[in-house]
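The next block holds one structure in the form of structure tokens; read it before the comments.
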Amino acid sequence: MTVRQRIETVPDVSLALLDETDAGNTYGLQPPTLPSLSEDLIQLTLVDDLDDPNLGPAHHFQTTYDKVVILRADEFVSHRSGKRSFTRGVSKGKQIVAGDMPWFCHWDGTLIEGYLYVTSNSSQLATPTSSSSIALPSPSSLEEAVPNTPFATKIEERRLPVNTAPGYCQQMQMLDSGDILPAVDDDGNTIVVNLKEKDPTMENFHPGSARRKKSRKSKRADPENSCHCQWTW
Numbered sequence: 001m002t003v004r005q006r007i008e009t010v011p012d013v014s015l016a017l018l019d020e021t022d023a024g025n026t027y028g029l030q031p032p033t034l035p036s037l038s039e040d041l042i043q044l045t046l047v048d049d050l051d052d053p054n055l056g057p058a059h060h061f062q063t064t065y066d067k068v069v070i071l072r073a074d075e076f077v078s079h080r081s082g083k084r085s086f087t088r089g090v091s092k093g094k095q096i097v098a099g100d101m102p103w104f105c106h107w108d109g110t111l112i113e114g115y116l117y118v119t120s121n122s123s124q125l126a127t128p129t130s131s132s133s134i135a136l137p138s139p140s141s142l143e144e145a146v147p148n149t150p151f152a153t154k155i156e157e158r159r160l161p162v163n164t165a166p167g168y169c170q171q172m173q174m175l176d177s178g179d180i181l182p183a184v185d186d187d188g189n190t191i192v193v194n195l196k197e198k199d200p201t202m203e204n205f206h207p208g209s210a211r212r213k214k215s216r217k218s219k220r221a222d223p224e225n226s227c228h229c230q231w232t233w
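Here the sequence shown is numbered in UniProt numbering, starting from 1 and rising by one per residue.
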């Protein structure tokens, strides 16, 4: 993550891969590709994060992106009902090689938001952590992967009930040429499994609060079994 000063005390933020060479060619959670709003920058809003008030005011951004997780063939088990099952533990960082038939799982329209606590430094947080329903890097590997920012940072993502496109997984195959193409069944049809999601209603969420909004006095309460990931450093 990089922050660029644009208007006195209101910086914009851009997210970029540290190394784009292997994007889409390794197993695990793929780095987000965010829509370009203005020269690849996203405007920040000064907010009070009621989930972590001890960290002080934060510059906040919020947008959506198409989340992708790549699974090995033996990590994904489909059922005729459309329900999905992931084996325990998801490969992370392993290279896809010729002959592999990975599953590309998509959750389009996933909400992502970030908090940059400009009056708190990263040392005020505990060891970098992640909380997710999908296997993510361990805290030790996170320490090596996260950027060296001078301030405390939190990234969250969640699924919303307004998502018009349900999640789905499609089986692909890597050719000897290195190209990754859709796999087909015996009838020549692509292999796609639609995922059944039980997303909560908007009333179940307490959205982030800007300084000018004084109506919310409590922390965000994520509904039970809702999909929510968080990274802090």
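From the three backbone atoms N, C-alpha and C, an ideal C-beta is built for every residue, glycine too. Since this is a predicted model, take the numbers as computed values, not measurements.
Buried or exposed: which applies to residue i, given that a residue is buried once 16 or more other Cβ atoms fall within 10 Å of its Cβ?
i, result
"residue 232", "buried"
"residue 119", "exposed"
"residue 30", "buried"
"residue 181", "exposed"
"residue 49", "buried"
"residue 167", "buried"
"residue 75", "buried"
Note down, in chain order, each residue of its chain lying with its Cβ closer than 7 Å to the Cβ of residue i, except the 5 sequence neighbours on either side.
i, result
"residue 183", "101, 171, 172, 173, 191"
"residue 197", "159, 166, 167"
"residue 56", "117, 119, 120"
Just to confirm my understanding: we take residue i, look at its own chain, exclude 5 residues before and 5 after, and list those with CB closer than 6 Å. What are they?
i, result
"residue 113", "62, 156"
"residue 115", "49, 58, 60, 154"
"residue 70", "27, 102, 104"
"residue 53", "none"
Of the residues the options, which one's Cα is nearest the Cα of residue i?
i, options, result
"residue 93", "161, 72, 105, 52", "72"
"residue 25", "197, 48, 178, 185", "178"
"residue 158", "103, 52, 66, 116", "66"
"residue 33", "43, 108, 53, 47", "108"
So who's on the other strand from residue i, going by DSSP bridges?
i, result
"residue 63", "112"
"residue 28", "70"
Have a look at residue i and residue j and give me their C-alpha separation to the nearest angstrom.
i, j, result
"residue 27", "residue 98", "13 Å"
"residue 175", "residue 154", "39 Å"
"residue 121", "residue 60", "16 Å"
"residue 111", "residue 188", "35 Å"
"residue 106", "residue 151", "32 Å"
"residue 103", "residue 96", "11 Å"
"residue 51", "residue 229", "14 Å"
"residue 47", "residue 64", "19 Å"
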